[in-house]
Amino acid sequence: MHGRVSHDRGWAMARSAATLRWTGRLVGKLLERKVELRGVEMALAELCGPPQESLGAREGGLLLFAGSAGVGKTAVLGEARRRAAAHGCMVLWARGCQQRACTPFHVVRELFQPFFAAVGEAEARTMLGCWFDILGSALGLTLPEAGPPPDPQGVQDGLDWVVTHLSARRAPVVLVVDDAHWADGESLDWLAGFVARVDELPMLVILAYRPDERPAVSSRLRELAARHGSRPYDLAPLTEEAAGLLLSEWLGVEVDEAFRRECWALTAGNPFETIELAAAFRERSLTPDAEQICHLRSLAARIKGTGFVESIRRLGPAAVRFTWAAAVLGTGTSPQLVADVAALAPLEARDAAEQLCRARVLTTATDGLAQGSAEDSLEFRHPLIATAVYQAIPAAMRVALHGRAAQLALDAGHGATAAARHLLETHPDGDPATVQCLRDAAREALLSGAPDAARRFLARALREPPPPEIQAAILFEFGRCDLPTDPAAAVRRLTAALAAPQCDPALREAVVYRLAQALAHNDRLPDAVDLVAAEARRTNSPATRLRMRAEHLLWDRFRVDAEDVHGRSRRLARLAERLDGRHRAEQHILGLRAADAVMRAEPVDVALTYADKALAPGIAWADEDWGFEVPVIVALVYMMCDQPARAEELFTQAITEFERHGWRGSPLSLAHTLLGYVYYRTGRLDQAEDCVRAGQNLADRVSGQVPAQRYAAGCLLQVLLARGRIDEAQAVAAQLTKAQPRSATGVLPDMQAALGQLLLASGQTTQAETLLSQIGRTLEDLGMHNPAWCRWQLDLALARAAHPDRARTTAQTALARARAFGTPSAIGRALHVTAQLSDDDQAQPLLAAAIDHLERSPARYELACALIDHGGLLLRAGRLPEAAQQMTSGIETATGCGADHLAEHARTTLTNGLTHAGHYPHVTTAPVSPPASRPSPGSRRGRSQE
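Residue numbers 1 to 946, in our numbering, belong to the letters of the sequence shown in order.
Structure below.
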C-alpha cells in the first residue's frame, strides 16, 4: 500500500518538509496569505473547540483554495496540515496526479491506505465489518474477487461510512486533497456526495485546485462550494513588496528596489517562479543589485515551460531519460522503477537522480510512497515542471516509455490496473497481451465499483483491436458496464456482440439474456420478447432453449400488445407441470407460473404450490446472470396469497443480500419499497411509510428515471391515503404522474391504480372512473383479473357509486373473482366494497361476512375500515351497544395500524351518534372530515347522499 496520510495525533511537519521545500525558508511565515490562513484557523477553531455535549457538537466544514500553478496552494495546504496536527487532529492527505487521473480511486487510496496499513488487515476487517468485502478492492486492501460487482453508489455509501466511523473514533479529522483538479473521477464523485454532509461530522475538508485546468472538474468544484454555502479562496500573486521579502530571504541579503521590481515583473508575483529565480541567481553567486539585472531575463527563461526542459538537456542524456521516465510514471515513484523505465544502469541512474535533485528538478521524500518499497520516493519539485517535461517528450518516445512502464508494472506484480493506465497512452498494435491486460483491468475496475473506468479500458481494448475470437466477449463485457446507467448504449454493444463472427454458445446465451434485459429497460419490450423467442428457436441446446423460454415468458407477461394471453397461460401451465425446479430456468418458470395463477385468480393453493416449488432449492437475489425480477414476483405471490410473513422474510433477505454485495441503487430501492408494500397490506402503516421513503431516497440517487422511482411514489401514495394525508398524497401524485410509463402495465399495477384512489379521495369520481377504466381494460387484456393483485375493479365500483346498477355489477364481478382466488383478505375487501354500494338491509350481512373474512386475514387496515363502517351502519339502525362495540374495535385496530385519521373520524362519528341518541360519552373530539374514498354502507350514491 502506498499513499499519503498522517494518523498520529502528534503528527508534525517532518513529512511535509520535502513538499514545502520549494517555498523557501519561510515555513510558517507565508507571505500575503493572512486571509487564507485566518480562514483555516477559524475552521479549525470551530472543529476543535470544546464540544457542548458530545463530539457531534463540533462543527465541520469545507475550505477550497483556487489559484494558478505556482501561486502557493500547496504551501497553504501544508501550513493547514501543520496547524491541524498542532490542534490534535487526525490528518488525511492526498494529491491528484495528472498521470493517474484515469486510475479509479487513486485519491481515495492515497487518503486511506496508510491508515489501514498501519492497523493491519485483521483490525481493518474488524473496523470495516460488512463493508470490507465491498470496499476492499476500491481501497486497495484486497484484490478484486469474482462475484456480483458493487454499484458505484454502494461504494460511495461505504466510503461515507468509513469516514464517519473514523470521525467518531479519531475526531477531529482534517481531510486534505491537493491538486484536486487532477483527482480521478471515482474519488471526485465520492467527495462531491460526501461534502454535502460534512457539517454533520467533526471533520474539515480542505481542497485546492487550479481553475484553469480541466474546466469541467474545476466547475464541479466551484458548484460543490456553492452548494455548501461557501466560496473558494482565490490566491492572488504576491505584490512587489512581498516578492522582495521572499527574494531577500532566499538570497540572504537585502535586494535593491530595481532588482526587486525586475524580478517581480518577470515572474508576475508567482511565488514558485520567484523562488526558482532566486535559487538560480544564488547558484551563480551573483549579487542582487541593479548591475546584475541583465542576467535576470536569461535565468527567468530557464524556469518557465521549455526553459526547464533546456536546463535538463544540459545535464546530459541520462538525466533527460531519467526525467522522461519520472514524468511518465507520475508522483511518488521509486528511483529503481524510474531507472528501469529509463533503461539506465544503477550507477548511471543514481548520478542522474543526484544531478536532477541539485538542479531543483526532482526532490525525494522518505514517506513510504515508493511502489512496493520503503526507499525514498521521487517526485518533481513542482507539478509545473512535471507537465513541461511530459509535454516535451517526443511522441514516439512517450508511447514507448508508457509501453515499457506497463510491462514493468506487470512484471513487478503491481496488477493490471497499474499497467492499463499506461496502455491507454499507447498506440493500437493488435497485441493480444495488451487486450488481455486491459480486459483484466476492466474487470478489476468493475469489481471495485468503477464501471466508468472499466468502460475506458474496454474501449481501448477494442481499438487495439482484439483477435476475432474474443471480440464478442469484449463487447459483452462493455455492454454489462453500460447496462445500469445507459441501456441504449448497452443495446448497441450487445447487438454488436451478438453479430460478431465468433460467439460461442455459452457466451451467446449470456449476450441474449443481457440484450433482452437492456431492451426491456430501454422501453423496447416487444423487441426483447422477439429476441428471446428467436433464440429459443435457433439453439440446439435444451438448457438454453429452456432458459430462453423462461425469459420469453417473463417479458411477454407484461407486454401491452401481447397476443393470445390465454393461450400463453395454458402453455405455461403445461410446461410448469413437468418441472420440479432443479435448475434456475425451471425455478423461474415455476415462479412465473405461480404469478400467472395469482393474476388470473386461480385458486390460491395452485399459486402457493408453484411458489413453494420455485423456492425449494433456495433463492439468490444478487445474481447478475439471472436477475432479481422473478424472485420479486414470487415474493409478491406470497403477499397476495395472505402469507405476508414469507414475503417479509424474502424481501428482508433481498435487502441483506443487496447490501452485502454493495447493490445500493435500484435493486435495494425496490426491495425497501416492496417491504413497505408488505407492511401496507398488513396494516403496519408507520413501518410502511419508513420503508417506502427509504426506497424512494435510494431511487432518487440513481441517475435518470428508473422504475424504482415510480414504484416508490405509487406505494407512498397508497400509504399516505390510508393515513388520511391527502395533501401530501397529491404532491406525491404529481411526481408519479410525471414518471408514469406509457402503459398501465408493470409488476405492480396496484401502485398505478393508486392515482385512481387519490382521485376518489379528492371527490373527483368522474376522473377516477375514466382512469380506472383505462387501467382495467389494459389489465384485462393481459389476463390480470385478480382483485388481490390489483384492486382497480373495486375502486372503479366505488367511482360508479352514482350509478348503482353499474357499480354493483362491477363490485360483484370483483367479488366473484376474489371468491375464485379464495384468500380471506381478497374476499373480505370485495365484500366490504359490495356492502358500501348496497342498501342497509343488504349491507348488514355483507359487512358481517367481510369482517369475518378480514379477521382471518393479515389485512388489519381493511379490517379497521370494515369495523368502523359496520359500526356506523348499526348506529344509524339504533343498535347502539353493538355499534359502540364495533366502532371501538375499529378505532383500536385503526390506531394500531397507524391510521390516526381514520380513528379520529370514527371517534367523531361515534360521539355524535351517541349524543344524538341521548347518550353522553366521555370521549369528545373535534370533528374531522371522513375519508372521502369510501361511500358509507347502505349509501348507493356515495358519501354525498348521507
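Glycine residues also receive a C-beta, built at the ideal position from the N, C-alpha and C atoms. On a predicted model such as this, the values are computed, not experimentally measured, just so you know.
Roughly how far, in whole angstroms, is the beta-carbon of Val897 from the beta-carbon of Leu685, given that I think they are within contact range, below 8 angstroms?
Residue identity check: residue 897 is Cys in the sequence provided, not Val. Indeed they touch by this definition, with Cβ atoms about 5 angstroms apart.
At which residue ranges does the segment 812-875 contain complete alpha helix (DSSP H) runs of 4 or more residues, listed in the order of the chain?
824-836 and 840-855
Which of helix, strand or coil DSSP assigns to Arg25:
Residue placement at Arg25 is flagged as unreliable, the pLDDT there being 42, under the threshold of 50; a coordinate-derived value is accordingly withheld.
Which runs of the alpha helix (DSSP H), 4 residues or longer, sit entirely within the segment 363-430?
383-392, 395-411 and 416-423
Buried/exposed call for Met42, threshold 16 Cβ in 10 Å
exposed
Do Thr331 and Gln113 count as a contact pair if the criterion is CB distance below 9 angstroms?
no
Go through the segment 140-172 residue by residue and report every complete run of the beta strand (DSSP E) that reaches 3 residues or more, in order.
none
Rounded straight-line distance, which links the Cα of Val40 to that of Glu213:
24 angstroms
Just to confirm, are His588 and Val630 a CB contact at a threshold of 9 angstroms?
yes
Under DSSP, the beta strand (DSSP E) around Trp93 begins and ends at which residues?
Met90 to Arg95
Nearest-angstrom Cα distance between Ala616 and Gly581?
7 angstroms
By DSSP's criteria, Asp234 is part of a beta bridge. Which residues make up the other side?
Ala66
Roughly how many angstroms separate the alpha carbons of Ala392 and Arg302, rounded to a whole number?
14 angstroms
In angstroms with no decimal places, state the Cα-to-Cα distance between Pro152 and Gly890.
47 angstroms
Are Phe105 and Ala450 touching if we call contact CB-CB under 9 angstroms?
yes
I'd like the span of the beta strand (DSSP E) that includes Ile206, first residue to last.
Met203 to Tyr209
Anyone know if the C-beta pair for Leu224 and Cys89 falls short of 9 angstroms?
no
Could you tell me which of Val176, Ser137, Gly147 and Glu145 sits nearest to Gly158, measuring between CA atoms?
Ser137
Excluding five sequence neighbours on each side, which residues of the same chain lie with their C-beta closer than 8 angstroms to the C-beta of Gln292?
Phe259, Phe281 and Leu286
Within the same chain, show all residues whose beta-carbon is closer than 7 angstroms to that of Glu254, passing over the 5 residues directly before and after it, in chain order.
Ser248
Hey, Arg681 and Pro858: beta-carbon distance below 9 angstroms or not?
yes
Taking 9 angstroms as the threshold (C-beta atoms), are Leu30 and Ala85 in contact?
no
What whole-angstrom Cβ distance do Pro484 and Gly665 have, given they're in contact under 8 angstroms?
7 angstroms
List the endpoints of the continuous alpha helix (DSSP H) containing Ile633.
Glu629 to Met640
Short check: CB of Phe308 to CB of Ala388, under 9 angstroms?
yes
Cutoff 7 angstroms; reference Val923; Cβ partners in own chain excluding five residues on either side
Bear in mind that the predicted position of Val923 carries a pLDDT of just 38, short of 50, making it too unreliable to give a figure here.
Of the residues Gly72, Gln436 and Arg231, the one placed nearest Ala473, counting alpha carbons only
Gln436
Distance CB(Ala622)-CB(Glu586) smaller than 9 angstroms
no
Do the segment 553-565 and the segment 603-619 make contact, defined as three or more Cβ pairs closer than 8 angstroms?
no
Taking buried to mean at least 16 other C-beta atoms within 10 Å of its own C-beta, is Thr673 buried or exposed?
buried
With three or more beta-carbon pairs closer than 8 angstroms as the criterion, would you say the segment 825-837 touches the segment 845-856?
yes
Are Leu63 and Ser230 closer than 9 angstroms when you measure CB to CB?
yes
In this structure, what does DSSP give as the bridge partners for Val176?
Trp93 and Ile206
Helix, strand or coil for Gly129? Go by DSSP, reduced to three states.
helix
Are Leu139 and Ala180 closer than 9 angstroms when you measure CB to CB?
no
Candidates Gln735, Gln718 and Ala729: closest to Asp700 by CA position
Gln735
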